[in-house]
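K.L.:
In UniProt numbering, the protein residues as written are 1 to 360.
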Amino acid sequence: MTVIDDAGTSGRHGAAPFRGSVLGNPPDAGADPDGGATPTGAPSAHAVPARVPATDAARPCAPSADAVPARVPAADAGTRVPGTDASRTRVPAVDHFPAGVPDGGVPTALHRVGTPGNPAAAVASVRGLRTVGADAAMIAGHGSGLAAAVADGIGDSAAAARAARRAADAAVRSAPGAGTRAALLAARDAVDVEPSGDTVLVVAAGLPGGGWTVSWVGDCRALLWDGTELRSITRDHTMAEELRALGVAAGGSWENVVTTTVRTADPSTAGHVWGPPGAGTLLLLTDGVHRVLPAERIAAVLSAAEEGGFEAGVTARALVADALDAGGRDNATAAIVTLPDAWTGRTGTATVRIPTQRTS
1 MTVIDDAGTS
11 GRHGAAPFRG
21 SVLGNPPDAG
31 ADPDGGATPT
41 GAPSAHAVPA
51 RVPATDAARP
61 CAPSADAVPA
71 RVPAADAGTR
81 VPGTDASRTR
91 VPAVDHFPAG
101 VPDGGVPTAL
111 HRVGTPGNPA
121 AAVASVRGLR
131 TVGADAAMIA
141 GHGSGLAAAV
151 ADGIGDSAAA
161 ARAARRAADA
171 AVRSAPGAGT
181 RAALLAARDA
191 VDVEPSGDTV
201 LVVAAGLPGG
211 GWTVSWVGDC
221 RALLWDGTEL
231 RSITRDHTMA
241 EELRALGVAA
251 GGSWENVVTT
261 TVRTADPSTA
271 GHVWGPPGAG
281 TLLLLTDGVH
291 RVLPAERIAA
301 VLSAAEEGGF
311 EAGVTARALV
321 ADALDAGGRD
331 NATAAIVTLP
341 DAWTGRTGTA
351 TVRIPTQRTS
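(1) Taking only the alpha-carbon atoms, compute the straight-line gap between Gly327 and Ser303 and give it to the nearest angstrom.
(2) In angstroms with no decimal places, state the Cα-to-Cα distance between Val195 and Asp189.
(3) Exposed or buried, what is Val150 when buried is set at 16 or more other beta-carbons lying within 10 Å of its beta-carbon?
(4) Alpha helix (DSSP H) containing residue 364: first to last residue?
(5) Is the beta carbon of Leu282 sitting closer than 7 angstroms to the one on Ala323?
(6) Of the choices Ala178, Gly280, Ala250, Arg244, whose alpha-carbon is the least far from that of Gly211?
(7) I need the straight-line Cα distance from Thr89 to Glu311, nearest angstrom please.
(8) Starting from the C-beta of Thr315, find all residues in its chain whose C-beta is less than 6 angstroms away, skip the five residues before and the five after it, and write them out in chain order.
(9) I'd like to confirm the pairing. Which residues does DSSP put opposite Leu230 in its beta bridges?
(10) Can you give the beta carbon distance from Arg235 to Gly271, rounded, assuming they're within the 8 angstroms contact cut?
(11) Taking Asp287 as part of the alpha helix (DSSP H), name the residues at either end of that continuous run.
(12) Ile154 bridges to which residues according to DSSP?
(13) Mapping the DSSP letters down to three states, classify Val218 as helix, strand or coil.
(14) Identify every residue that forms a DSSP beta bridge with His272.
(15) Report back the beta-carbon spacing between Val200 and Asp266 to the nearest angstrom; my notes put them in contact at under 8 angstroms.
(16) Which partner residues of His336 appear in the DSSP bridge assignment?
(17) Could you give the distance in angstroms between the alpha-carbon of Glu307 and the alpha-carbon of Trp225?
(18) According to DSSP, simplified to helix, strand and coil, what is Asp322?
If you want it as structure tokens, here you go:
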């Protein structure tokens with residue numbers, strides 16, 4: 001993975017700009033619940049379908065023509081050719097899998113079984129065919145709410161692996177009380193304790209009054225499933241996306257050039273979406289899943305899970321296992337949060353970490 005800025009090199013203050021967007025209307029007429037600019041009015045008349053990149057468009061939250069139907073893959077979820085992505089080789093992690101890992105090496109942690117007004121959340125991660133791995137996934141519940149984060153370390157150094165773990169940990173500890181925008185800055189501060197190492201990150205949190213918020217940098221992705229439709233609610237911060245937004249056909253190696261990272265995180269360049277209370281499922285995915293599985297395959301896994309009685313842990317494991325079965329070679333990580341009709345934003349206190357595998 002390559003990081004660029006306006007001068008063609010990596011650095012916090014020169015990262016190519018990207019504007020975040022708002023999903024739906026605010027829960028009240030006051031300030032943005034996550035501390036950003038106050039969105040006003042109904043969703044823009046210029047709302048753009050999730051499968052068409054835009055830099056400053058509001059996206060309606062209710063099912064509409066703007067949603068990505070489950071049967072139609074999102075245009076930016078194309079399948080890459082496995083084994084050709086050498087620039088994304090990940091770095092060693094220091095932790096073993098926890099005891100009792102299910103067969104197949106797919107560790108799963110269930111934060112807590114969902115109760116009325118509270119979500120169930122789980123993460124699953126696999127090393128894939130890489131020798132080492134540096135995806136990091138965290139779920140944390142505090143008195144003020146629950147947060148989940150997925151990070152994907154950049155580069156092939158131990159510092160990059162540590163950056164992913166530090167970023168995910170700092171994000172979930174900060175997000176429930178301070179919001180996901182602040183969580184990105186907390187992640188940046190955590191990464192900055194070392195002179196090198198960087199990562200991309202997506203973090204989601206429930207709002208105290210109901211609803212949820214997501215912030216991200218780089219190409220970790222968040223999707224929303226309502227039981228019938230799957231929509232991408234984030235836009236990859238990559239040169240490929242920037243070029244497509246300008247009407248230039250782009251793909252290939254441009255998909256691996258990220259324009260924002262945790263080390264370069266800034267409120268003006270980070271992505272941000274939020275939505276009101278409502279039943280559904282939030283998915284946070286690394287590129288090892290969303291670049292391998294097209295949107296229609298992800299939707300099929302979710303639909304099958306609905307028919308069998310939805311379990312977050314089982315579904316997360318199915319997604320990462322499918323990514324490997326589809327030929328994926330990279331680390332693959334998925335975090336799933338099931339959203340009830342009225343999320344109170346409060347859970348018990350706990351923190352769950354999914355460590356990556358160390359080869360024997």
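For every residue, glycine included, the Cβ atom is placed at its ideal position computed from N, Cα and C.
P.N.:
Based on what the coordinates show:
(1) Note on geometry: alpha-carbon atoms of Gly327 and Ser303 lie some 22 angstroms from one another.
(2) In the sequence on display, residue 195 carries Pro and not Val. Going from the Cα of Pro195 to the Cα of Asp189 covers about 11 angstroms.
(3) buried
(4) Missing from the structure shown is residue 364; the chain here goes from 1 to 360 and no further.
(5) Between Leu282 and Ala323, the C-beta gap is not smaller than 7 angstroms, which leaves the two residues out of contact.
(6) Gly280
(7) The pLDDT assigned to Thr89 is 26, lower than 50, so where the model puts this residue is not dependable; a value taken from the coordinates is nonetheless given after this. The alpha-carbon atoms of Thr89 and Glu311 are separated by roughly 31 angstroms.
(8) Setting aside the 5 residues that flank it on each side, Thr315 is surrounded in the same chain by Ala305, Ile336, each with a C-beta closer than 6 angstroms to its C-beta; the list follows chain order.
(9) Trp225
(10) 6 angstroms
(11) 287 to 290
(12) Asp198
(13) The sequence shown places Gly at residue 218, rather than the Val named in the question. Three-state DSSP puts Gly218 in coil, outside helix and strand.
(14) Ser215
(15) Actually they are not in contact, since the Cβ atoms of Val200 and Asp266 sit about 14 angstroms apart, beyond 8 angstroms.
(16) In the sequence on display, residue 336 carries Ile and not His. Partner(s): Ala122, Leu283.
(17) Near 14 angstroms, if we compare the C-alpha coordinates of Trp225 and Glu307.
(18) helix
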